[in-house]
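Quick note: the sequence shown, position 87, residue 468 per the working numbering, numbers continuous.
Cβ atoms here follow ideal geometry from the backbone N, Cα and C, with glycine treated the same way.
Since the structure is predicted, the reported quantities are computational estimates derived from the model, not experimental observations.
Below is one structure; the comments refer to it alone.
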Amino acid sequence: MEEVLDFIGKKQIAFTKEAEAILQSRLESFRNEFLSLIVERSPDASKAFRDPDFHIAAFDAQRSYSRTDSAELHSTLCELLLSRAQESERTRLSLVLNQAIRHTEFLTLPDLANVSIIFLLNHTTVSGNVGIRDVSEYFSRHISPLLPKIELSSESMDYLGSQGLLAIPEAGRFVNITLLAESLVNRYPQVFTTGVAEGEMENLKALGGDAVNELRWETSPFNSAHYCLSRPPSGSTARQWKEDKALGPFMTEYIALTEGRKPTPDEIIDALSIHLPDARQIASIFHDNRLANFKLSPIGIALAHSFLNRTSGFSAGLDVWIKQRSG
Numbered sequence: 382m383e384e385v386l387d388f389i390g391k392k393q394i395a396f397t398k399e400a401e402a403i404l405q406s407r408l409e410s411f412r413n414e415f416l417s418l419i420v421e422r423s424p425d426a427s428k429a430f431r432d433p434d435f436h437i438a439a440f441d442a443q444r445s446y447s448r449t450d451s452a453e454l455h456s457t458l459c460e461l462l463l464s465r466a467q468e469s470e471r472t473r474l475s476l477v478l479n480q481a482i483r484h485t486e487f488l489t490l491p492d493l494a495n496v497s498i499i500f501l502l503n504h505t506t507v508s509g510n511v512g513i514r515d516v517s518e519y520f521s522r523h524i525s526p527l528l529p530k531i532e533l534s535s536e537s538m539d540y541l542g543s544q545g546l547l548a549i550p551e552a553g554r555f556v557n558i559t560l561l562a563e564s565l566v567n568r569y570p571q572v573f574t575t576g577v578a579e580g581e582m583e584n585l586k587a588l589g590g591d592a593v594n595e596l597r598w599e600t601s602p603f604n605s606a607h608y609c610l611s612r613p614p615s616g617s618t619a620r621q622w623k624e625d626k627a628l629g630p631f632m633t634e635y636i637a638l639t640e641g642r643k644p645t646p647d648e649i650i651d652a653l654s655i656h657l658p659d660a661r662q663i664a665s666i667f668h669d670n671r672l673a674n675f676k677l678s679p680i681g682i683a684l685a686h687s688f689l690n691r692t693s694g695f696s697a698g699l700d701v702w703i704k705q706r707s708g
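Spelled out as structure tokens, the structure:
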């Protein structure tokens with residue numbers, strides 16, 4: 382593997398002596414970082430070196446790596462190439478990763494931070510045992526570190542679009558959401574609600590039968606006399622629970638009861654702020670830049686995913702967003 386990377390790395394243009402020294406240092410750093418990733422996380426990925434398409438991806442990664450001294454861009458490239466090495470067939474995912482590697486050459490650190498915050502706010506939700514604290518800590522872990530790096534000017538967004546990182550909006554598509562609090566209510570209706578009274582809760586339990594025992598109730602942070610759900614089964618959101626045969630009638634009634642019982646936007650941000658000091662700043666960024674109206678292309682998603690994987694430990698598989706199809 383080392384010999385292949387060394388050979389690929391030599392296929393560069395001529396440089397001055399000083400530039401050549403910098404180039405060789407970066408190529409050696411790339412080789413060491415990437416091979417360490419394979420050994421630590423995916424030894425079977427070494428089989429990718431038999432594939433000429435992977436060789437081209439590795440060349441593109443080395444080329445991009447050698448053009449910058451940014452440690453974050455370097456680690457993102459190695460993560461992208463590792464993901465590519467794990468794809469043994471020609472799939473949509475492998476092709477997207479090829480393109481993402483190539484695009485990194487034309488991106489700055491703020492560009493990667495920009496696609497990452499869009500990805501987190503508009504393409505992801507917290508799964509599992511979800512309450513307000515879970516959402517707050519998720520934002521704190523992944524979004525707060527991005528805040529000093531983002532640069533969401535109109536020029537920056539235009540550039541992301543020109544690089545093919547933003548999804549092409551559907552004709553007439555416009556999201557009628559401007560506040561982060563509104564977006565959170567849509568994504569987590571079982572969390573951001575004033576809840577139900579104790580008598581209503583008991584009636585609801587009767588509708589759900591034994592399946593309700595899986596659920597967790599807690600005092601609503603927005604109304605101390607009410608209760609709300611905080612544990613979606615199997616990581617699903619409350620609106621998907623209606624499809625569950627056992628919980629369907631229960632959740633239909635729960636959502637109907639709580640639909641109009643929404644806390645105010647300020648109450649939501651105040652609740653987030655308990656465990657997320659940056660809550661108001663994130664809410665302001667979401668509103669001022671109308672981030673609800675931006676979605677990422679598959680290339681943008683792959684870049685954001687790899688950047689977050691290396692900078693804040695984002696661990697969900699990329700195939701959650703980019704479905705496999707061989708061809």
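* With DSSP as the reference, label Asn604 as helix, strand or coil. => As a first step, residue 604 must be located in the sequence shown, where it is residue number 223. Note: Asn604 maps to strand in three-state DSSP.
* Asked: Which residue or residues does DSSP assign as beta-bridge partners of Cys609?
  -> Residue 609 sits at position 228 when you count from the first residue of the sequence shown. In DSSP, Cys609 forms a bridge with Glu599.
* Asked: Is it true that the CB of Ile498 sits closer than 8 Å to the CB of Ile524?
  -> The residue you call residue 524 lines up with position 143 of the sequence shown. The residue you call residue 498 lines up with position 117 of the sequence shown. Yes, the Cβ-Cβ distance between Ile524 and Ile498 is below 8 Å.
* Limits of the alpha helix (DSSP H) - the one that Phe500 falls within -> Sequence index remark: in the sequence shown, residue 500 carries index 119 (1-based). That run of the alpha helix (DSSP H) goes Leu490 to His504.
* Asked: In its own chain, which residues sit with a C-beta less than 7 Å from the C-beta of Asp700, not counting the 5 before and 5 after it?
  -> Within the sequence shown, the letter at position 319 stands for residue 700. Here the set comprises Leu474.
* So, are the CB atoms of Val362 and Leu585 less than 8 Å apart? -> Because the chain in this structure spans residues 382 to 708, residue 362 falls outside the shown range and cannot be described.
* Quick one: using the 10 Å Cβ neighbour count with 16 as the cut-off for buried, is Gly681 buried or exposed? => Looking up residue 681 in the sequence shown gives position 300. Gly681 should be labelled buried.
* To do: Inspect the beta-carbon positions of Phe415 and Leu478 and report whether they are closer than 8 Å.
  => Locating residue 415 in the sequence shown gives position 34, counting from the first residue. Locating residue 478 in the sequence shown gives position 97, counting from the first residue. No. Outside cutoff.
* To do: Put Leu628 into one of helix, strand or coil per three-state DSSP.
  => Taking the first residue of the sequence shown as 1, we reach residue 628 at position 247. If DSSP states are grouped into helix, strand and coil, Leu628 belongs with coil.
* Can you name the start and end residues of the alpha helix (DSSP H) that Ser654 belongs to? -> By 1-based counting over the sequence shown, the position of residue 654 is 273. It spans Pro646 to Ser654 - the alpha helix (DSSP H) in which Ser654 sits, taken as one unbroken run.
* Mind reading off the beta-carbon distance from Pro570 to Lys530? Whole number of angstroms is fine, and I expect it under 8 Å. => Taking the sequence shown and counting its residues from 1, one reaches residue 570 at position 189. Taking the sequence shown and counting its residues from 1, one reaches residue 530 at position 149. Incorrect: roughly 31 Å between the Cβ atoms, too far for contact.
* Report the partner residues of Val593 according to the DSSP bridge assignment. => The residue labelled residue 593 in the question sits at position 212 within the sequence shown. Its beta-bridge partners do not exist; DSSP assigns none.
* **Reference Pro630; option with closest CA among Leu533, Glu648, Thr575 and Val593** => Sequence index remark: in the sequence shown, residue 630 carries index 249 (1-based). Checking every option, the nearest Cα to that of Pro630 belongs to Val593.
* How close, in whole Å, do the beta carbons of Ala685 and Val496 come, if the pair is a contact with beta carbons under 8 Å? -> Taking the first residue of the sequence shown as position 1, residue 685 is located at position 304. Taking the first residue of the sequence shown as position 1, residue 496 is located at position 115. The Cβ separation is near 4 Å, so the contact holds.
* To do: Pull up the distance between the alpha-carbon of Glu518 and that of Ile636, whole angstroms please.
  => Position 137 of the sequence shown, counted from the start, is the residue given in the question as residue 518. Position 255 of the sequence shown, counted from the start, is the residue given in the question as residue 636. Rounded to the nearest angstrom, the two C-alpha atoms are 25 Å apart.
* Please report the residue range of the alpha helix (DSSP H) in which Asp669 lies. => Along the sequence shown, read from residue 1 onward, the residue named residue 669 stands at position 288. Its alpha helix (DSSP H) spans residues Ala660 to Asp669.
* Ala400 - DSSP class collapsed to helix/strand/coil -> Against the sequence shown, residue 400 aligns to sequence position 19. Three-state result, Ala400: helix.
* Runs of alpha helix (DSSP H) wholly within the stretch 541–590 (minimum 4 residues, chain order) -> 561–568 and 579–589
* Simplified DSSP assignment, three categories, for Leu533 -> By one-based count along the sequence shown, residue 533 stands at place 152. In this structure, Leu533 counts as coil in the three-state DSSP scheme.
* To do: List the endpoints of the continuous alpha helix (DSSP H) containing Arg465.
  => If you number the sequence shown from 1, residue 465 lands on position 84. Counting along the chain, the alpha helix (DSSP H) containing Arg465 begins and ends at Ala452 to Ala466.
* Is the distance from the Cβ of Leu657 to the Cβ of Phe520 below 8 Å? -> Counting from 1 along the sequence shown, the entry for residue 657 is found at position 276. Counting from 1 along the sequence shown, the entry for residue 520 is found at position 139. It is a contact, given that the beta carbons lie within the stated cut-off.
* To do: Look at the Cβ atom of Arg691, then the Cβ atom of Glu460, and state whether they are nearer than 8 Å.
  => Mapped onto the sequence shown, residue 691 falls at position 310. Mapped onto the sequence shown, residue 460 falls at position 79. Contact flag set, yes.
* Asked: Under a three-way DSSP split, which group does Thr472 fall into?
  -> On the sequence shown, residue 472 is found 91 positions in, with the first residue counted as 1. If DSSP states are grouped into helix, strand and coil, Thr472 belongs with the strands.
* With 16 other CB atoms within 10 Å as the buried threshold, where does Glu536 fall? -> Walking along the sequence shown from the start, residue 536 turns up at place 155. Answer is exposed; the Cβ neighbour count stays below 16.
* Under the rule that 16 or more other beta-carbon atoms within 10 Å means buried, what is Pro424, buried or exposed? -> The residue labelled residue 424 in the question sits at position 43 within the sequence shown. Counting Cβ neighbours within 10 Å, Pro424 comes out exposed, since fewer than 16 surround it.
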